[in-house]
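If you're matching them up, the sequences are chains V and U in order.
Just so you know, the first sequence maps onto residues 0 to 166 in numbering that gives the first Met the number 0.
Just so you know, the second sequence maps onto residues 0 to 166 in numbering that gives the first Met the number 0.
Have a look at the structure below, then the notes.
2 protein chains.
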Amino acid sequence: MAATPEITNPDTGQSDQPSLGEIGLSSFVPYLLNRIASSWNMEIQDTLRKQNLNTVRMRALAVLTVKNGLSIKELIHLTVIEQSTLSRALDALEKLEMIERIASKDDRRVRTIYITDKGRDAFSNVWPDMFFEYNDMFAGIDDTERARLVQTLHKILNNLGVKDPGS
Amino acid sequence: MAATPEITNPDTGQSDQPSLGEIGLSSFVPYLLNRIASSWNMEIQDTLRKQNLNTVRMRALAVLTVKNGLSIKELIHLTVIEQSTLSRALDALEKLEMIERIASKDDRRVRTIYITDKGRDAFSNVWPDMFFEYNDMFAGIDDTERARLVQTLHKILNNLGVKDPGS
Numbered sequence: 000m001a002a003t004p005e006i007t008n009p010d011t012g013q014s015d016q017p018s019l020g021e022i023g024l025s026s027f028v029p030y031l032l033n034r035i036a037s038s039w040n041m042e043i044q045d046t047l048r049k050q051n052l053n054t055v056r057m058r059a060l061a062v063l064t065v066k067n068g069l070s071i072k073e074l075i076h077l078t079v080i081e082q083s084t085l086s087r088a089l090d091a092l093e094k095l096e097m098i099e100r101i102a103s104k105d106d107r108r109v110r111t112i113y114i115t116d117k118g119r120d121a122f123s124n125v126w127p128d129m130f131f132e133y134n135d136m137f138a139g140i141d142d143t144e145r146a147r148l149v150q151t152l153h154k155i156l157n158n159l160g161v162k163d164p165g166s
Numbered sequence: 000m001a002a003t004p005e006i007t008n009p010d011t012g013q014s015d016q017p018s019l020g021e022i023g024l025s026s027f028v029p030y031l032l033n034r035i036a037s038s039w040n041m042e043i044q045d046t047l048r049k050q051n052l053n054t055v056r057m058r059a060l061a062v063l064t065v066k067n068g069l070s071i072k073e074l075i076h077l078t079v080i081e082q083s084t085l086s087r088a089l090d091a092l093e094k095l096e097m098i099e100r101i102a103s104k105d106d107r108r109v110r111t112i113y114i115t116d117k118g119r120d121a122f123s124n125v126w127p128d129m130f131f132e133y134n135d136m137f138a139g140i141d142d143t144e145r146a147r148l149v150q151t152l153h154k155i156l157n158n159l160g161v162k163d164p165g166s
């Protein structure tokens, strides 16, 4: 990240940088990604609310259904949610008995986060609608195109310094 | 959106639906998109803060730099930000004199939102860092792959019922 904003291009030192209008909103990938993520999050909002969940809580649970027993640091990394926001969500999930945080025997300050059966049930209840929306997103997009998209998204995540959750 | 969550697949009525674990976090596109969007938003947060902006305010300004003079409804559509969240952001931007809302002569309740010179300046100050991050995202991704990505993202937006901002 460049320290201070400047009109010159940080790469070339030249002021040959196109404006957002020149690139065009409909070609500017961060804009498209934000719109898709927002739109996806809105689509599943009602479903989440019925289970006392919101997007942040659901994302934490989703990761824990796949990889249970994580430190807060690992969970921040896997969800890319800010620490303060994630901590609030975890407090709420603990009250709802959907997760539990168990202190390490060696160091009581270190706690590992586990999803409970109640948490798994809540996620199981939202998953069918999420999966339905997911299939909807890919109408008319074949397996090759989907695989290509996933590949490019991984390259972008890698460029942004976010490690593959599978690695 | 299916009305109530159920374990059967809403498309086929069968319970042959894979779990998130079976699909794998690293292949589940909504997860990848949320991570990229979050990570992008975090990367530019410091830059935005220096201009009294946050992600929502910046997204509203960004759209207005390209298409000035919008109704709240149009701005909601183009940013895919919830009405209450967007309204709060617009109140803040108005206080900062970065936008103005001008009432219609015919109907005082209808107001059109315009970016001001101050708003354009603020966006110009964050744009170099945003553009730098944007280029960074695409390191090692050539023009063909980028164009293919944009094309697939447009299909997804279309499937989600979000119209192309260029159309």
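Built from N, CA and C at the ideal position, the CB exists for glycine as well.
This one's a predicted model, so the numbers in the text were calculated from it and none came from an experiment.
Could you check if residue i is buried or exposed, using at least 16 other CB atoms within 10 Å of its CB as the buried criterion?
i: Arg48(V); result: exposed
i: Asp116(U); result: exposed
i: Ile101(U); result: exposed
i: Glu21(V); result: exposed
i: Thr46(V); result: buried
i: Val181(U); result: Shown here, chain U extends from 0 to 166; a query on residue 181(U) therefore has no answer.
i: Ala121(V); result: buried
i: Asn40(V); result: buried
i: Arg107(U); result: exposed
i: Ala36(V); result: buried
i: Gln150(V); result: exposed
i: Val125(V); result: buried
i: Asn51(U); result: exposed
i: Pro17(U); result: exposed
i: Glu42(V); result: buried
i: Ala88(V); result: buried
i: Glu132(V); result: buried
i: Ala138(V); result: exposed
What residues of chain U sit near residue i, judged by a beta carbon separation below 8 angstroms?
i: Tyr133(V); result: Phe27, Val28 and Pro29
What does residue i touch in chain V if you count any residue whose Cβ is under 7 angstroms from its own?
i: Ala138(U); result: Asn158
Could you check whether the Cβ of residue i sits closer than 9 angstroms to any Cβ belonging to chain V?
i: Gln82(U); result: no
i: Thr111(U); result: no
i: Thr115(U); result: no
i: Met129(U); result: yes
i: Lys104(U); result: no
Just curious, the alpha helix (DSSP H) that residue i is in, first and last residue?
i: Glu93(V); result: Gln82 to Lys94
i: Ala121(V); result: Asp116 to Met136
i: Asn157(V); result: Asp142 to Asn158
Can you list the residues of chain U that residue i reaches, using a CB-CB cut of under 7 angstroms?
i: Arg58(V); result: Asn33
i: Arg48(V); result: What Arg48(V) touches in chain U: nothing, since even the nearest Cβ is about 12 angstroms away.
i: Val55(V); result: Ordered by position in chain U, no residue passes the 7 angstroms Cβ test against Val55(V), which lies about 10 angstroms from the chain.
i: Ala36(V); result: Leu32, Asn33 and Ala36
i: Lys154(V); result: Gly139 and Ile140
i: Leu85(V); result: Correct list: empty, because the minimum Cβ distance to chain U is about 11 angstroms.
Determine the chain A residues that contact residue i at a beta-carbon separation under 7 angstroms, and present them in chain order.
i: Glu144(V); result: No chain A appears in the structure shown, which is made up of the protein chains V and U.
Do residue i and the ligand ADP come close, with the Cβ less than 8 angstroms from some heavy atom?
i: Leu85(V); result: For the structure depicted, the ligand ADP is absent and the ligand set is empty, with no information on it obtainable.
Residue i lies in the beta strand (DSSP E); which residues open and close that run?
i: Ile75(U); result: Segment Ile71 to Thr78 is the alpha helix (DSSP H) holding Ile75(U); no beta strand (DSSP E) there.
i: Arg107(V); result: Taken as a continuous stretch (DSSP letters only), Arg107(V) belongs to no beta strand (DSSP E), as it is neither H nor E.
For chain U, is any of its Cβ atoms less than 9 angstroms away from the one on residue i?
i: Tyr118(V); result: The identity of residue 118(V) in the sequence shown is Gly, whereas the question assumes Tyr. Closer than 9 angstroms: no.
i: Leu89(V); result: no
i: Lys72(V); result: no
i: Leu77(V); result: yes
i: Gln16(V); result: yes
i: Asn8(V); result: Summary for Asn8(V): the model assigns pLDDT 47, below 50, so the residue's position carries little reliability, and this model does not support an answer.
Determine the chain V residues that contact residue i at a beta-carbon separation under 9 angstroms, and present them in chain order.
i: Ala61(U); result: Leu19, Leu24, Phe27 and Tyr30
i: Arg147(U); result: Glu144, Arg147, Leu148 and Thr151
Could you name the residues of chain U that residue i contacts, counting a contact when the two beta carbons are closer than 9 angstroms?
i: Leu92(V); result: Ordered by position in chain U, no residue passes the 9 angstroms Cβ test against Leu92(V), which lies about 17 angstroms from the chain.
Hey, which unbroken runs of the alpha helix (DSSP H) at 4 residues or more fall wholly within the segment 9–59 of chain U?
19–22, 28–42 and 44–49
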